[in-house]
Amino acid sequence: MKRLYSILIAVVFLIVFASPAVADPGTTWEKIFSRGRFQVLSQFGGAAVFDKETGRVWEKSPDTGNFTWFNALSHCYDLEVGGRIGGRKGWRLPTIEELASLVDTSQANPPLPFGHPFSNVQLLFYWSATTRAVNTSHAWLVDFHNGDVNGFDKTDFWPAWCVRGGQGSDGVQ
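Written as structure tokens, this is what we have:
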């Protein structure tokens, strides 16, 4: 009986852990060479960029203002890109993984993929929506001077680069 129980546990373990984990079935996160990775979207008045690698839509030209983390969350939530950006709602602050996905460490100042269509990117840290687990009064940021990732106090002032799609998406890309 003990052997049968052990075999049953092993089979369940294999079934559960041998299956691929899928967080977002529409996202592959496979590396796409930069030349074809980004597409400027006309339905957003040319003010938004579709990232074919992640399935996310980014502001083409992020706001140059600096915000606390809380104000950055509100700024993105209230954004209408193309009203300023295509008149579309559904914008949010990106997760640290999404923001870091823009970094190409083979490039510098800013460390964005060669041929990217973005403008107005400051050589500063940008807020992510991700809170640091070890200190919840801090959030993660990506440095668009060199691609580093670091955590700062949520009351500090840094720019925000808003995104659509994935988490919190209204489904319209």
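With the first letter of the sequence shown counted as 1, position 52 gets the number 53 in the working numbering; the numbers rise by one all the way through. Virtual Cβ for every residue (Gly too), placed ideally from N, Cα, C.
Rounded to whole angstroms, Asp-157 and Asn-147 show a C-alpha spacing of 20 Å. A Cβ-Cβ distance of about 12 Å is found for the pair Val-58 and Phe-119, leaving them out of contact under the 8 Å criterion.
Excluding residues up to 5 positions away in sequence, Phe-51 lie with their Cβ nearer than 6 Å to the Cβ of Gln-40 in the same chain. Per DSSP, reduced to three states, the secondary structure at Asn-72 is helical. Just measuring C-alpha positions, the residue of Leu-103, Val-150 and Gly-91 sitting nearest Thr-131 is Val-150.
Per the C-alpha coordinates, the member of Asp-144, Gly-56, Phe-71 and Gly-152 positioned closest to Tyr-127 is Asp-144.
Non-local beta-carbon contacts of Gly-47 in its own chain, meaning distances under 6 Å to residues more than five positions away in sequence, involve Val-41 in chain order.
Selection Val-104, Arg-133, Gln-44 and Ser-129 evaluated against Arg-93 yields Ser-129 as nearest (Cα-Cα).
Its Cα nearest to that of Ser-43, the residue Arg-89 stands out among Asp-105, Gly-37 and Arg-89. Annotated three-state conformation of Ala-161 is coil, per DSSP.
Taking the Cα positions, Ala-134 is about 22 Å away from Pro-160. Under the three-state reduction of DSSP output, Glu-98 falls in the helix class.
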